[in-house]
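Protein chains: 2
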Amino acid sequence: MPNDRATWGGAVPTINDVARAAGVSPSTVSYVLSGRRPISAETRARVQAAIAELGFHPHAGARALASSKTNVIALVAPLRVDVNVPVIMQFATAVVTAARSHNHDVLLLTKDEGTAGLERVAHSTMVDALILMDLERDDMRIPSLRRLKQPSVLIGLPADHTGIACVDLDFGAAARAALEHLAGHGHRRIGLVGPSPAVYRRQTTYADRFLTGFLDASAELDLRTVTHPCEPGTEGVRACLSDLDTELPGLTALVVHNEEALRPLLDLLQATGRRVPEDISIVAVCPRDVATAMPVNLTSIDIPAHDVGTLAVETVMRLLDGRRVEYTRLLEPSLVERDSCREISTSHR
Amino acid sequence: MPNDRATWGGAVPTINDVARAAGVSPSTVSYVLSGRRPISAETRARVQAAIAELGFHPHAGARALASSKTNVIALVAPLRVDVNVPVIMQFATAVVTAARSHNHDVLLLTKDEGTAGLERVAHSTMVDALILMDLERDDMRIPSLRRLKQPSVLIGLPADHTGIACVDLDFGAAARAALEHLAGHGHRRIGLVGPSPAVYRRQTTYADRFLTGFLDASAELDLRTVTHPCEPGTEGVRACLSDLDTELPGLTALVVHNEEALRPLLDLLQATGRRVPEDISIVAVCPRDVATAMPVNLTSIDIPAHDVGTLAVETVMRLLDGRRVEYTRLLEPSLVERDSCREISTSHR
DNA sequence: GCCCGTCGTCGAAGCGCTTCGACAGTTTGT
DNA sequence: ACAAACTGTCGAAGCGCTTCGACGACGGGC
């Protein structure tokens, strides 16, 4: 065993050390690693043995410099603590997991670094691609994204995303599915408990897409419906519910597109003696685990954060190796029946 | 304007382009950027102008290769969706924000990649340091961390962390503070609603530290106390409360070290006609916003995720530039009085 | 039996940046 | 007035890897 850097205390072995140990040239080691050229079985074995013995790990920076690939993707997440924390977290988890399964790592950026953050990591070549979540209708970051040499994938659906891939749940179809389910159970007077006004103000389009789908389906199915945003907190829920009741007396079902309102809403209904589903049916739009963590197991349309996150990564990978992608990919909603909707006899119609 | 790569379509300018444009050598540009050698004001101005004009951004990989610094720190987060999501998120937010303010970025790893993940990013020199959260008493990752050339900082306090910096809330002191507060209000019979058994099983030490602090303080203050873990869900809470009531009849106060139990607990108390604080006082251990989002504004001991995250990053920075650090830094708990504790008249003692 | 294509390997040229030593010119100390 | 110490800049040598072209050794087609 030669007394070189690799075997002497501490120093990190390089590809040259491996090459020397295996009796080949550094380029051969590189080709063993990348598989970009044929290498004989014996040589490969020797190289791999040397790699294992020396504990060699290629230097990411050097690799990035030489190959113009970092194997890192940026994930831009809204890290304010106000809304939707569990959903954000599910997205992030899915993205990291999926990225790892494609041998990539994830650099976490906050949304509040804004355009500057994107440009910083892109221009300095820290990442190969970007995934953004929580996009607003006219998100200022989009023009900037178009100028980057790295591709990006959006989780969400801003107004003009020409040339940028988007993935999201089809919220319009989700609203329709909710109404169809309720209509199918005989409900005719239905209220929508929407997201908080802050969400509409922020112009995150999922709220509008849901609302539009809701109104369209309502018309087509010939339902009587009324919609209302819902401020967070017990008070907001109380106000929202009372507005709905006033504007559409005798409603028999609620579609709730507001995770945080769910708990106080159920509390309130219980407190005022309205049983779910006997007196009022509910379809929620929320992650599965939220729906099942309520006092009543809620019939719900899942927000498939995991699938969306995974799909975003798949799309990134396709873009990175030049395969074609669909530029707008909206996932079909899936409604799961649980215990919060009851059949209304037709006489009630 | 010369027709070189930098001005011609698309190509990314390098430090050489900047040097040429400013009429200096590349090393001078580098020194302007790093400030590691004195540069005359005029030269500096010219270089900066060239940088701005060309839109130059140093290549992160090249920089990492040449300087052996990546300006990236790894954050290893428990991305299972089960527990404590908001707290995790607060840690992450704080870490990213603090890291950015020190000109570093954050690479997000999941805990479930385990030791291999740490070693991968460390050996391949993707990061300068690591921050880990959710450490278990005898966390398998610790020996591995010791072998890395990068320093690490733990959020949590495993059994043997010799040589590795740890930051966390002082949960022992938190328990003591809760009891002192209640004792100060005349309470003598107090129950602890602890974390779920899963937390104890996972051997995350904060649960034990809290429990130990609780028992010690209980003895010193000469209180009658009883403690119980609490399974998640309404049922778990019901069982826990009934156990506590049975084992210590007539208890007048509860310390709740279990965020998720809080809501169902309050519901349950209300449903069984026990008013807070008139019939029973509560001190919660949870993030501020959880305490204030309850039907009753809870007197609470804050889990200062933001401060802990920030401190973790500060510690990393000190380690990176070779300053001394405290190897165990436990933050003083701070109890905020709100509306869930009442004074008990001495006759009740 | 000769030309050509493939296989397996090597050497060398970068990738874009940092940093060390050198050096000319300018201060400072005495 | 002269050595010593700065100041401000440059050139060159890497950092550790990938990749391109070259080249010898083979094997197949005609």
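Same order as they appear, the protein sequences are chains A and B.
If you read the first sequence in our numbering, its first letter stands for residue 12, the second for the next number, and so on.
If you read the second sequence in our numbering, its first letter stands for residue 12, the second for the next number, and so on.
Even glycine gets a Cβ: it sits at the ideal position worked out from N, Cα and C.
As the structure is a prediction and not an experimental result, all values here were calculated from the model.
When rounded, the separation of the alpha-carbon atoms in Ile50 of chain B and Tyr42 of chain B is 7 Å.
Rounded to whole angstroms, the separation of the alpha carbons of His70 of chain A and Val23 of chain A is 10 Å. For Cys352 of chain A, there is no enclosing beta strand (DSSP E), since its DSSP letter is neither H nor E. Secondary structure note for Leu190 of chain B: its alpha helix (DSSP H) is the uninterrupted segment 182–195. The secondary-structure analysis by DSSP pairs Ala85 of chain B across a beta bridge with B:Leu118, B:Leu141.
In the three-state scheme derived from DSSP, where H, G and I count as helix and E and B as strand, Gly202 of chain B is classed as strand. Note on geometry: alpha-carbon atoms of Asp227 of chain A and Ala170 of chain B lie some 60 Å from one another. Interface annotation for the region 222–241 of chain A against chain B: empty, criterion Cβ-Cβ distance under 8 Å.
The residue among B:Glu246, B:Leu252, B:His196, B:Thr216 with its C-alpha nearest the C-alpha of Leu232 of chain B is B:His196. The contact set of Val267 of chain A on chain B, defined by CB atoms closer than 8 Å, is empty, because the minimum CB distance reaches about 18 Å. Residues of the region 96–118 of chain B with a Cβ closer than 8 Å to any Cβ of chain A, in chain order: Val96, Pro97, Ile99, Met100, Gln101, Ala103, Thr104, Val107, Thr108, Arg111, Asp116, Val117, Leu118. Between the alpha carbons of Leu259 of chain B and His192 of chain B lies a distance of about 20 Å.
Interface flag for Met137 of chain A against chain B is set, since a Cβ pair is found closer than 8 Å.
Its Cα nearest to that of Gln214 of chain B, the residue B:Leu146 stands out among B:Asp313, B:Leu146, B:Asp181.
The DSSP assignment places 52–65, 71–78 as complete runs of the alpha helix (DSSP H) inside the region 39–78 of chain B, in order along the chain (cut-off: 4 residues). Ranked by Cα distance from Ala56 of chain B, the first of B:Asp313, B:Leu190, B:Val29 is B:Val29. For Gly333 of chain B, there are no neighbours in chain A by C-beta distance under 7 Å, as the nearest C-beta there is about 18 Å away. DSSP, read as helix, strand or coil, puts Ala304 of chain B in coil. Closest option to Asp149 of chain A, judged by alpha-carbon separation, among A:Thr216, A:Ala230, A:Arg299: A:Thr216. Any Cβ of chain B closer than 8 Å to the Cβ of Thr245 of chain A would place that residue at the interface, and such an atom is present.
Listed along chain B are Arg111, each with a C-beta nearer than 8 Å to that of Glu124 of chain A. Around Leu276 of chain B, the same chain offers Val248 as residues with beta carbons nearer than 6 Å, after the five sequence neighbours per side are excluded. By the criterion of at least three beta-carbon pairs nearer than 8 Å, the region 300–316 of chain A is in contact with the region 332–350 of chain A. In the DSSP assignment, the residues bridged to His239 of chain A are A:Val204.
Taking 8 Å as the upper bound for CB-CB distance, Gly205 of chain B and Thr238 of chain B are in contact here, some 6 Å apart. DSSP places Ser163 of chain B in the uninterrupted beta strand (DSSP E) bounded by 163–166.
Within chain A, the residues placing a beta-carbon under 9 Å from that of Thr121 of chain B are Thr104, Val107, Thr108, Arg111, ordered along the chain. Cβ contact annotation for Asp318 of chain A (same chain, cutoff 8 Å, sequence separation greater than five): Ala105, Leu342, in chain order. Val35 of chain A: not part of any beta strand (DSSP E); DSSP gives it neither H nor E. Under the three-state reduction of DSSP output, Ser135 of chain A falls in the coil class, being neither helix nor strand. Close CB contacts of Ala316 of chain A within its chain, under the 6 Å cut and outside five residues either way in sequence, are with Val98, Gln101, Phe102 (chain order). Chain-order list of chain B residues neighbouring Ala209 of chain A: empty, with the shortest C-beta distance near 15 Å, by a criterion of under 8 Å.
The residue from B:Arg111, B:Pro37, B:Ala88, B:Arg353 with its alpha-carbon nearest to that of Asn82 of chain B is B:Arg111.
In summary, the residues of the region 55–79 of chain A whose CB is separated from some CB of chain B by less than 8 Å are Gly66, His68, Pro69, His70, Ala71, Gly72, Ala73, Arg74, Ala75, Leu76, in the order they occur in the chain.
Sequence-distant Cβ neighbours of Ile62 of chain A in its own chain, meaning closer than 6 Å and more than five residues away, are Val29. Chain B has a Cβ within less than 8 Å of the Cβ of Pro306 of chain A.
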